[in-house]
Each structure stands twice: as structure tokens, then as C-alpha cells.
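Engineer: Residue 397 in the working numbering sits at position 232 of the sequence shown; the count goes up by one each step and never skips. Even glycine gets a Cβ: it sits at the ideal position worked out from N, Cα and C. These numbers were taken from a predicted model, which means no experiment stands behind them.
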Amino acid sequence: MSDWIKAARLRTLPLSLSGIIMGAFIAKWRLYGEGGTWDWKIFALALLVTLLYQVLSNYANDYGDGVKGTDAKRINEAESRAVASGKITAKQMKNAVILFSALSFVATVALLYIAFIPDYMNEFYIFIGLGVACILAAIGYTVGKKPYGYMGLGDLFVFIFFGLVSVCGSYFLFTKTFSWDMLLPGTAIGMMSMAVLNLNNMRDIESDRLSGKNSFALRIGFKNAMIYEMVLLQLPLVLILIFLGLNGFIQSQNYYVFIVMILLIPFAKLRRKIMSVKEPKDLDPFLKQVGILTFTMAVLTAIGLNFFK
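(1) Could you give the DSSP three-state label for Ser-344: helix, strand or coil?
(2) Take Ile-240 and list the residues in its own chain whose beta-carbon comes closer than 7 Å to its own, dropping the five residues that flank it on each side.
(3) Looking at Leu-397: is its Cβ nearer than 8 Å to the Cβ of Met-359?
(4) Give me the residue from Leu-210, Ala-172, Trp-169 with the minimum Cα distance to Leu-338.
(5) Assuming Ser-331 contacts Ile-185 under a Cβ cut-off of 8 Å, what Cβ separation, rounded to an integer in Å, is found between them?
(6) DSSP three-state label for Lys-443, please.
(7) With C-beta atoms as the reference, is Lys-378 less than 8 Å away from Tyr-315?
(8) Rounded to whole angstroms, what is the Cα-Cα separation between Leu-435 and Ile-427?
(9) For a test of the three-state rule: what should DSSP assign to Glu-371, helix, strand or coil?
(10) In whole angstroms, what separates the C-alpha of Pro-450 from that of Arg-195?
(11) Closest to Val-308 by CA distance: which of Gly-355, Ser-183, Gly-231 is it?
(12) Under the assumption that Ser-335 contacts Ile-300 (Cβ atoms under 8 Å), give the Cβ distance between them as a whole number of angstroms.
(13) Out of Leu-264, Glu-371, Thr-254, Lys-252, point me to the one whose CA is closest to Ser-222's CA.
(14) Determine, using beta carbons only, whether Val-361 and Ile-304 come nearer to each other than 8 Å.
(15) Answer with buried or exposed for Ile-167, where buried requires no fewer than 16 other C-beta atoms within 10 angstroms of its C-beta.
(16) Rounded to a whole number of angstroms, what is the C-alpha to C-alpha distance between Leu-175 and Lys-233?
(17) In three-state DSSP terms, what is Lys-259?
(18) If you reduce the DSSP assignment to three classes, tell me which class Gly-309 lands in.
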């Protein structure tokens, strides 16, 4: 059981939950202002669906890289993979991917039934398609003849699904509307998710070069990937600040909502520490730190909007 828990890579879960928290609690704040209602059951099911998607993605990643031999050179590194190390067989991991695909789909249908039935049938079917796309994206990163993670497209998919779909989609579940300003927090979470993936690819840049995994970091080189990382870690708080400004909080002098800006200091410290790294393998500890910062950013935004009136 411990090998399965390790393969699930629990340290990635706070990152996956961040988009749901951001979208759901912005929806709660907006619905509260309009006299609407916020359904906790939708929130609970959305968290469950996201957790299932993340575990599915991690198992599929382990399986795909394992059968392709990509992880063989990483066994002695900080993050040993189950299939490559032989702790879990490829067949067992494949079965786990199939199981979690089924569980993810069932949970998605349950979530969408609560959110949309019976008054929003068109939205129900659209989101079913979106859910299937999320499942396929989780699997397709490393699995198949042409996995998009091996073509340097992982960053784009992470931005779309962990950022825009997660934040804007969860917001829509509650409000049944789309608001253009949601692209700002959606982009903020998306960029933080890209920052985690880029760090991971920077860490593995040499082993990926040997195994033929052409990640975006490998394509642009370590030095440019570091510059790219700094940009990804610089802009999210700026986007959140713009979102709050567009919604009138500066004019209203409700400054408590800006509690999220206390993260400017840890963000600056983190960027400085990452920039000082010379050896790719030394980037591993920062993966968890960026994930926790993303989660904290979402939680503080939620607190500022909903609990300081």
C-alpha cells in the first residue's frame, strides 16, 4: 500500500485543489453579494473529482514514463517512480489507471448531476465532454504513441486544465455564468501550475535529454527555463491584484481583501533561492514549496473575499 501512496505523489494534491478553491470561493463571494446561494455539496464533489484527476494523472505519468524507460535514470533521484523501480508492475499500474479513469468519470457525472440537473441540461452535456477531456489529458501526458508531454506541450495543457478549466469551470458550477474577469485568477493558478511543471522538467533535463523526452524546458535550455520560471512566479500575484482592483476593492477601501499580498515576501524569497541553484537535481525541494504557495494564494484570496466584510 505504501508504494501506491508514494506513486500517488500526495505532495502534488495542494496544487490541484488550488484552482477549485479559487473558483468556488470567488463564486461564493459573488453569489453572496447578489443574494444567491452557494451549495457546499458541489464544492465537496468538485474537490473529490479534482483529487481523482490528480491521482489518475500521477499514476498515468508513472506508467507512461516507466514503460518508455524515461524514469530508469531517475531511480536514484529524489523522486523514484514505482514502475521504473519495479515496486509496482506495469500491468498493475495500467489497471490502476483504468480504475481511476472510471472512478473519475463516475464522480464527474455525480458532480454535474448535482450542479446542473434538471434546469441546465445543455451545460450538463458540455461539462461531461469537458470532464472526458480532463481524463484524456491526465492520461495523454506520457501515455500513448505521441504523448504531448514528450512534445513540449505539457506547459500548455497544464495552463488550460489546472488553470482556466479548474478556476473558471468551478466558478461556473456555482454561478451558471461565465465572467471575463475570472480569466485573471484562472491565469494566475495556471501560471503557478506551469511553474511546478517547469521546475520538474528543469530538474530532469539531463535524463530527459537522454531518454528523448523533449519537454519545454529541454527545448529552450536550462538558462532560458530559469528565466521562464521567474516570469511564471512573478505575475500571479499581479493578476490577483488586478482582479481585486477591477472589482472595486481599492475604491471601497476594504483593504482586508488584500491579505493575499502578504505572499509577496515569500514569493520573492522563493524566486531568489531558485535562481541561486546551479545543479538541476537541487531544484526538487522547490516543487513542494511552489505547490504550497499556490494553495496558500488560493486560500488567502478566498478568506479575503468571504470572511472580511
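Structural biologist: To lay it out plainly:
(1) For the purposes of this step, residue 344 is taken as residue 179 along the sequence shown, with counting starting at 1. Residue state, collapsed to three classes: coil.
(2) Here residue 240 corresponds to residue number 75 of the sequence shown, with the count starting at 1. Summary for Ile-240: the model assigns pLDDT 45, below 50, so the residue's position carries little reliability, and this model does not support an answer.
(3) The count along the sequence shown starts at 1 and reaches residue 397 at position 232. The count along the sequence shown starts at 1 and reaches residue 359 at position 194. Taking 8 Å as the Cβ cut-off, Leu-397 and Met-359 qualify as a contacting pair.
(4) As a working note, residue 338 is residue 173 in the sequence shown. The candidate whose alpha carbon is nearest that of Leu-338 is Leu-210.
(5) Sequence index remark: in the sequence shown, residue 331 carries index 166 (1-based). Sequence index remark: in the sequence shown, residue 185 carries index 20 (1-based). 6 Å between Cβ atoms; contact.
(6) Residue mapping note: residue 443 aligns to position 278 of the sequence shown, counting from 1. Lys-443: coil per DSSP, three-state reduction.
(7) One-based indexing of the sequence shown puts residue 378 at position 213. One-based indexing of the sequence shown puts residue 315 at position 150. Contact flag set, yes.
(8) Counted from its first residue, the sequence shown places residue 435 at position 270. Counted from its first residue, the sequence shown places residue 427 at position 262. Between Leu-435 and Ile-427, the C-alpha separation is close to 14 Å.
(9) Here the question's residue 371 lines up with position 206 in the sequence shown. Glu-371: helix per DSSP, three-state reduction.
(10) Sequence index remark: in the sequence shown, residue 450 carries index 285 (1-based). Sequence index remark: in the sequence shown, residue 195 carries index 30 (1-based). Their Cα atoms are separated by approximately 37 Å.
(11) Working through the sequence shown from its first residue, we reach residue 308 at position 143. That would be Gly-231, whose Cα lies nearest to the Cα of Val-308.
(12) In the sequence shown, residue 335 corresponds to position 170, counting from 1. In the sequence shown, residue 300 corresponds to position 135, counting from 1. With a Cβ gap of about 17 Å, Ser-335 and Ile-300 do not count as contacting.
(13) Along the sequence shown, one-based indexing puts residue 222 at 57. Residue Leu-264 is the option with its Cα nearest to Ser-222.
(14) On the sequence shown, residue 361 is found 196 positions in, with the first residue counted as 1. On the sequence shown, residue 304 is found 139 positions in, with the first residue counted as 1. No, they are not a contact pair.
(15) Sequence index remark: in the sequence shown, residue 167 carries index 2 (1-based). For clarity, residue 167 is Ser in the given sequence; the question names Ile instead. With fewer than 16 Cβ atoms within 10 Å of its Cβ, Ser-167 is classed as exposed.
(16) One-based indexing of the sequence shown puts residue 175 at position 10. One-based indexing of the sequence shown puts residue 233 at position 68. Leu-175 and Lys-233: Cα-Cα distance of roughly 23 Å.
(17) Against the sequence shown, residue 259 aligns to sequence position 94. Helix at Lys-259.
(18) Here residue 309 refers to the residue found at position 144 of the sequence shown. Coil, per DSSP.
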